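Below is one structure, written out as structure tokens; the observations come after it.
Residue numbers (the numbering used here): 1176 to 1482.
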């Protein structure tokens, strides 16, 4: 059975509420996992050292550590540790994951945005691109309890074992979160017919309809084949295949169905330092405002060095 053993939670220790921690503790209790709570305090830049003395920096560190200790002591029913990390937040968190082998990183998204013109801030996007473990970015619903409507966005591809393994991990995470109690789960596939825009003008209407129908059948057959091993666990799960581009289909489905959490993959192309998030994943994320659990392929290698 798919489970987790170690969950890393990034919080703002001086904040009054911690929705990411609330979500992580509920999941940890379900999985019997350990929770590590961290906050990240950047190093004092050289141009600020004249104003932030060593004594003041030590005071800032002590205050954050005290707050982390109090927050950790308030958590019940799961084993908890806490630590203050130093450095660039995205890099420090990724290095912690690499060092300790955490199974999941949870944080509230958009914390580094002064206003909210975009759903995800620079640190969020940095983690989505470089953190090796799944990243759960908790949106505003996080302060209102666990997600009640979950969407697992997958792209069945029988010819690509990497993508099929990623799809399986997405579905396993979604099923695990559903098992926390009472959540509705939809598994969604967005499909399109290759070259449809060009071929429409080169086919008769009847031929074009037949062409689209063949593409639809292929997509549904791919979904059916992928879901086969999970069939006994999908009895109360809705499975949808919708024609359209992923960013449009997912965004519209989230809005029309009141989805609280999207579980999705960051299918990516190989880069020199690892894998870079693909254009499709970027476009989908730009359209979302709620919580996202983003999962990378098993083959992902973080460009961040271990320390």
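Every residue, glycine too, gets a C-beta built ideally from N, C-alpha and C.
As the structure is a computational prediction, the values presented were derived from the model and not from experiment.
**Q.** Nearest to residue 1372 (by Cα), restricted to the options 1218, 1419 and 1361
**A.** 1419
(Q) For residue 1269 and residue 1479, which I take to be in contact (beta-carbon distance under 8 angstroms), what is that distance rounded to the nearest angstrom? (A) 4 angstroms
(Q) One question on the structure: do residue 1387 and residue 1426 come within less than 8 angstroms of each other, judged by their Cβ atoms? (A) no
**Q.** Any beta strand (DSSP E) of 3 or more consecutive residues that is wholly inside the stretch 1181 to 1235
**A.** 1181 to 1185 and 1209 to 1216
Q: Could you check if residue 1140 is buried or exposed, using at least 16 other CB atoms within 10 Å of its CB as the buried criterion?
A: Not covered by the structure: residue 1140. The range shown for the chain is 1176 to 1482.
Q: With DSSP as the reference, label residue 1359 as helix, strand or coil.
A: strand
Q: Below 8 angstroms CB to CB, which residues in the same chain sit around residue 1246 once its five sequence neighbours on both sides are set aside?
A: 1186, 1188, 1193, 1196, 1212 and 1257
Q.
So, for residue 1199: in the same chain, excluding its five sequence neighbours on each side, which residues have a beta-carbon less than 6 angstroms away from its beta-carbon?
A. 1182, 1184, 1210 and 1281
Q) With distances taken between CB atoms, is the gap from residue 1460 to residue 1226 smaller than 8 angstroms? A) no
Q: Confirm, please, whether the CB-CB distance from residue 1438 to residue 1326 is below 8 angstroms.
A: yes
Q. Closest by CA to residue 1240, which one among 1336, 1264 and 1215?
A. 1215
Q. Where do the ends of the alpha helix (DSSP H) carrying residue 1300 lie?
A. 1297 to 1305
**Q.** N-terminal and C-terminal residue of the alpha helix (DSSP H) that residue 1399 is part of
**A.** 1380 to 1402
Q | Alpha-carbon spacing of residue 1231 relative to residue 1252, whole angstroms | A | 36 angstroms
Q. How would you call residue 1448, buried or exposed, if buried means at least 16 neighbouring beta carbons within 10 angstroms?
A. No answer about residue 1448 holds up, because its pLDDT of 37 lies below 50 and its placement is not dependable.
Q: Taking residue 1338 as part of the alpha helix (DSSP H), name the residues at either end of that continuous run.
A: 1336 to 1353
Q. Are there three or more Cβ pairs, one per stretch, closer than 8 angstroms when the stretch 1323 to 1337 is compared with the stretch 1362 to 1377?
A. yes
Q. What first and last residue would you give for the beta strand (DSSP E) that runs through residue 1266?
A. Here residue 1266 belongs to no beta strand (DSSP E); instead the alpha helix (DSSP H) covers 1264 to 1275.
**Q.** Under the three-state DSSP convention, the category residue 1464 falls into
**A.** coil
Q. Roughly how many angstroms separate the alpha carbons of residue 1317 and residue 1394, rounded to a whole number?
A. Note that residue 1317 has pLDDT 48, beneath the 50 cutoff, so the model's placement of it is unreliable and the number below is only indicative. One C-alpha to the other measures close to 34 angstroms.
Q) Is DSSP giving residue 1246 helix, strand or coil here? A) helix
**Q.** Three-state secondary structure (DSSP) of residue 1445
**A.** Any answer about residue 1445 is weak, because its pLDDT of 42 lies below 50 and its placement is not dependable; what the coordinates show is given next. Residue 1445: strand per DSSP, three-state reduction.
Q. Thinking C-alpha only, which one of 1369, 1338 and 1235 is nearest residue 1470?
A. 1338
Q) Distance, Cα to Cα, residue 1273 vs residue 1260? A) 14 angstroms
Q) Roughly how many angstroms lie between the CA atoms of residue 1335 and residue 1383, to the nearest whole one? A) 27 angstroms
Q) Residues bridged to residue 1365 by DSSP? A) 1417
Q | Integer Cβ distance of residue 1397 from residue 1331, believed to fall under 8 angstroms | A | 4 angstroms
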